[in-house]
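Residue numbers (the numbering used here), protein chains in the order written: chain Z, 1 to 396; chain X, 397 to 792.
Remarks on the structure that follows.
Number of protein chains: 2
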Amino acid sequence: MDKRIIQEKINQAIEILNEKKIDLWLIFARESATIHDPSIDIVVGTNCTWQSAFMINRNGDTTAILGSLDVPNMEMTGTFKNVTGYVKSIKEPFLEYLNKHKPVKIAVNYSVDSNLADGLTHGMFLVLNNLLKETPFKDSLVSSEEVIAALRGRKSKTELDYMKEAVKETLLIFDMVTNFMKPGKTEKEVGAFIKRIVAEKGFELAWDEDHCPAVFTGPDTAGAHAGPTDRVIEKGHIINIDFGVKINGYCSDLQRTWYVFEDGQDTAPEEVQKGFDVLKESIRKAKAIVKPGITGCEVDDTARNYIVENGYEEYQHALGHQVGRVAHDGGVGFYPRWERYGKLPYLPIEVGQVFTIEPRLTVKDRGIVTMEEEIVVTENGCEYLSTPQEELILIK
Amino acid sequence: MDKRIIQEKINQAIEILNEKKIDLWLIFARESATIHDPSIDIVVGTNCTWQSAFMINRNGDTTAILGSLDVPNMEMTGTFKNVTGYVKSIKEPFLEYLNKHKPVKIAVNYSVDSNLADGLTHGMFLVLNNLLKETPFKDSLVSSEEVIAALRGRKSKTELDYMKEAVKETLLIFDMVTNFMKPGKTEKEVGAFIKRIVAEKGFELAWDEDHCPAVFTGPDTAGAHAGPTDRVIEKGHIINIDFGVKINGYCSDLQRTWYVFEDGQDTAPEEVQKGFDVLKESIRKAKAIVKPGITGCEVDDTARNYIVENGYEEYQHALGHQVGRVAHDGGVGFYPRWERYGKLPYLPIEVGQVFTIEPRLTVKDRGIVTMEEEIVVTENGCEYLSTPQEELILIK
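Take a look at the structure:
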């Protein structure tokens, strides 16, 4: 728990509430270590046991109401100005707070489209409605998705520094992996090698250890979200790895592509080089159009169309997503116009958001070419957070 | 992920669905590594990225429908018989499944009272209702709380073996702590000592590392859910520690009480001994009435009333909760008749459930006396999983 960042994000939340004309942001949770609303990491910094209300008010007040035994821990955490305990029911102190501050719009964490703004469980939604049913606040609840999208998307300088560090360390680990990989090693051995380095350096993995890293060699690999298998690296294979670390609570998410020479080769075969070049150019073209106000689907279109025009099948996923405290962060992303992304592909990109760009294509009989870069949106365009892969990495 | 236990629990879930006359249990989730429905650990064993339906049917079928990139990982996990992928929308394969199996009652994970049965977010509840709105299944959704309460509560032999091991190791660590503690050490030093042992043994902590262990010395301690402080162990203090480990995915949750002699003492002062004896007897009395069919509030009453009758303030929490894959597990517990526990205090206890018994009382100017034991409910009563504390542990 980095208290300085939490304080920055609370202050930012208050600005966002004023910008969006929302009076109160309410995080309503219980046993939050078990079913964890990710907003708690950003603006609270500890967990609660019983029904709890964490409230950030556009007037600058921050108040937490918790079961009495959770009060000392919250006070020691020190992120909220006012901490109130209750023994038998949250109702009385909670309604007292509302009657004092009289919020007209109360944002709570549910969202049809954005999982990171959807931390309120349906049972707790019913509890909350029951608490409010005979009060003037019964029709005040709105989705916090706009608040959370802005809060998670707009990275502060401290956050960007942490993210750059995670990117830098990930690229250093890719260099070590280049020296480790050779024909005869299995995907599992490569995965274990990476995990050992992560443990030695004291980092966390950026996502589930099942498939962080994901390591794929050759044709007929297990698919983008599967873990390393017993498949053996062979000459003539394309290898790709999807991997990230979490440092200071912030993630990286990058991919690189290697080619393993066959005997006598000193350059990659034409079809491998072409796949690499097309993929690289699709990233360059997508990056070139990113700027505030553009929609994610336009960015996705650019890379997707370029890959298809060059004779490859389109990738079966989005071009990119936000990165932050989790690897798949934020609301908007470089999403295709598919139903499963709801309205998110059509929302505008904002300054300060960090995205991956990660198209994919298959080179028949060789394997899958992927690169994943990270960019941050600036006033006039965007900049790489990663040093982008310019050439196939070649293994003898 | 222990596949054998997941298979046991899937089979048990099918039995429970038949017993409760529910046709289908649907776990509906997305990005489950981020907002994690705890039922996924019990019957799925891996995470999903996009909107996913994990379905256990009373006819014995198990089907998972996931974003296509998650399919290989789910197949490698191997816990569900049928795995179907989709690219653009879950709607078609999901409705196809429902039209084939025609469930009348579909249990989904929301619950007003039981947080562990409340893993469905409100946004995903809206997504689900939208998927079903023009189908015959639109009024089929019911809460899965009865299914989950039975599934988490009724421990299999393998589960009980794992829980006994976690209890045994916790008690061994308490023995090591007894030799470590002495006047002049701080709560934080004691906490760090325990965490070192846990790390060396390769165990996990049973709950948030903030306050696992919780270490309290002397009067005016920080409260039951706070972490260790810089308070120093002094002669004449009562010390108590609340601590548990997770081994093979199953938790322990135990407390013990120590007394630090003043110079010249060779027995504890009368008021300390009396506090200990009353607390111990309150546990014995509560344990004596536990059997299938009794309600949790009756068990809580027994200990609470005994403590109050002996002149102490009542404890400001429940007498006990279930333990399992998380430290605060299950639906019913030994809960007082307080609004914050909803209907749970009034539901019957069942065979196979594991509970803590953890009353608390304060000895003025000395500290807090707590013991926490674990019991498993049997056909005719209950048995300790822990070796209960019989005497104050004395420190020179």
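Beta carbons are placed, not taken as given, at the ideal position from N, Cα and C, and that holds for glycine.
It should be emphasised that the depicted structure is a prediction, and the values quoted were computed from it without experimental measurement.
Candidates the options: closest to residue i by CA position
i: Z:Leu126; options: X:Asn414, X:Thr531, X:Ser539, X:Leu524; result: X:Ser539
i: Z:Lys201; options: Z:Gln265, Z:Val245, Z:Ala53, Z:Thr46; result: Z:Val245
i: Z:Val351; options: Z:Val278, Z:Gly227, Z:Ile294; result: Z:Ile294
i: Z:Ile35; options: X:Phe589, X:Asp457, X:Trp603; result: X:Trp603
i: X:Asp557; options: X:Gln785, X:Leu790, X:Val772, X:His633; result: X:Val772
i: X:Cys647; options: X:Asp659, X:Val722, X:Lys578; result: X:Val722
i: Z:Arg30; options: X:Ser510, X:Arg550, X:Val573, X:His713; result: X:Ser510
i: Z:Glu165; options: Z:Phe203, Z:Asp220, Z:Trp338; result: Z:Phe203
i: X:Cys608; options: Z:Ile27, Z:Lys291, Z:Ala33, Z:Gly153; result: Z:Ala33
i: X:Thr554; options: X:Arg400, X:Met572, X:Gly623, X:Lys484; result: X:Arg400
i: Z:Glu270; options: Z:Ala214, Z:Pro348, Z:Ile238; result: Z:Ile238
DSSP beta-bridge partners of residue i
i: Z:Lys246; result: Z:Glu204, Z:Cys251
i: X:Gln718; result: X:Asp725, X:Phe751
i: Z:Thr186; result: Z:Val232
i: X:Leu567; result: According to DSSP, which records beta bridges pairwise, X:Leu567 is partnered with nothing at all.
i: X:Glu605; result: Its beta-bridge partners do not exist; DSSP assigns none.
i: X:Pro744; result: X:Thr691
i: Z:Arg256; result: Z:Ile241
i: X:Glu422; result: With the sequence shown as reference, residue 422 of chain X is identified as Leu, and Glu is not the correct amino acid for it. DSSP lists X:Met451, X:Val504 as partners of X:Leu422.
i: X:Gly763; result: X:Val759
i: Z:Phe137; result: DSSP lists no partner for Z:Phe137.
i: Z:Phe193; result: Paired residues: none, contrary to the question.
i: X:Val538; result: X:Ala503
i: Z:Phe334; result: Z:Gly320
Element boundaries [beta strand (DSSP E), containing residue i]
i: Z:Ala64; result: 62 to 67
i: X:Leu547; result: It is not in any beta strand (DSSP E) - X:Leu547 instead sits in the alpha helix (DSSP H) that spans 541 to 549.
i: X:Glu779; result: 778 to 780
i: Z:Asn82; result: 82 to 86
i: X:Asn453; result: 448 to 453
i: Z:Val112; result: Per DSSP, Z:Val112 belongs to no beta strand (DSSP E) and is neither H nor E.
i: Z:Leu361; result: 360 to 363
i: X:Leu790; result: 789 to 791
Beta-carbon contacts of residue i that lie in its chain and below 6 Å, excluding the five residues immediately before and after
i: X:Ala664; result: Tyr655, Leu788
i: Z:Tyr341; result: Tyr335
i: X:Tyr506; result: Asp514, Leu516, Ser539
i: X:Thr473; result: Gly441, Thr442
i: Z:Phe276; result: Val369, Leu392
i: Z:Phe193; result: Phe180
Span of the alpha helix (DSSP H) around residue i
i: Z:Ser32; result: No alpha helix (DSSP H) holds Z:Ser32; DSSP gives it neither H nor E.
i: X:Arg700; result: 692 to 705
i: X:Ile410; result: 399 to 416
i: X:Glu613; result: Rather than Glu, the amino acid found at residue 613 of chain X in this sequence is Thr. Taken as a continuous stretch (DSSP letters only), X:Thr613 belongs to no alpha helix (DSSP H), being part of the beta strand (DSSP E) at 610 to 613.
i: Z:Val278; result: 270 to 289
i: Z:Leu128; result: 122 to 132
i: Z:Glu374; result: Element bounds for Z:Glu374: not the alpha helix (DSSP H) but the beta strand (DSSP E), 373 to 377.
i: X:His497; result: 487 to 497
i: X:Asn443; result: Per DSSP, X:Asn443 belongs to no alpha helix (DSSP H) and is neither H nor E.
i: Z:Ser156; result: Neither: Z:Ser156 is in no alpha helix (DSSP H) and is coded neither H nor E.
i: Z:Glu75; result: 71 to 77
i: X:Asp437; result: 435 to 439
Sequence-distant residues of the same chain with beta carbon closer than 8 Å to residue i, five excluded per side
i: Z:Lys9; result: Ile42, Val43, Leu151, Ser156
i: Z:Gln7; result: Thr79
i: X:Pro499; result: Asp419, Leu420, Asn453, Phe533, Ser536
i: X:Val704; result: Glu710
Own chain, CB closer than 7 Å to residue i, minus 5 neighbours either side, in chain order
i: X:Tyr467; result: Looking at the sequence provided, one finds Val at residue 467 of chain X rather than Tyr. Excluding positions up to five away in sequence, the list reads Val479, Gly481.
i: X:Leu537; result: Ile502, Val504
i: Z:Gly60; result: Ile14
i: X:Leu528; result: Lys534
i: X:Arg733; result: Cys693, Pro741
i: X:Gly580; result: Val628, Ile629
Chain B residues whose Cβ lies nearer than 8 Å to that of residue i
i: X:Asp433; result: Among the protein chains in the structure shown, which are Z and X, there is no chain B.
Residue i: CB within 7 Å of a non-hydrogen atom of the ligand GDP
i: X:Lys551; result: Summarising the ligand content, the structure contains no ligands, and the ligand GDP is consequently not present.
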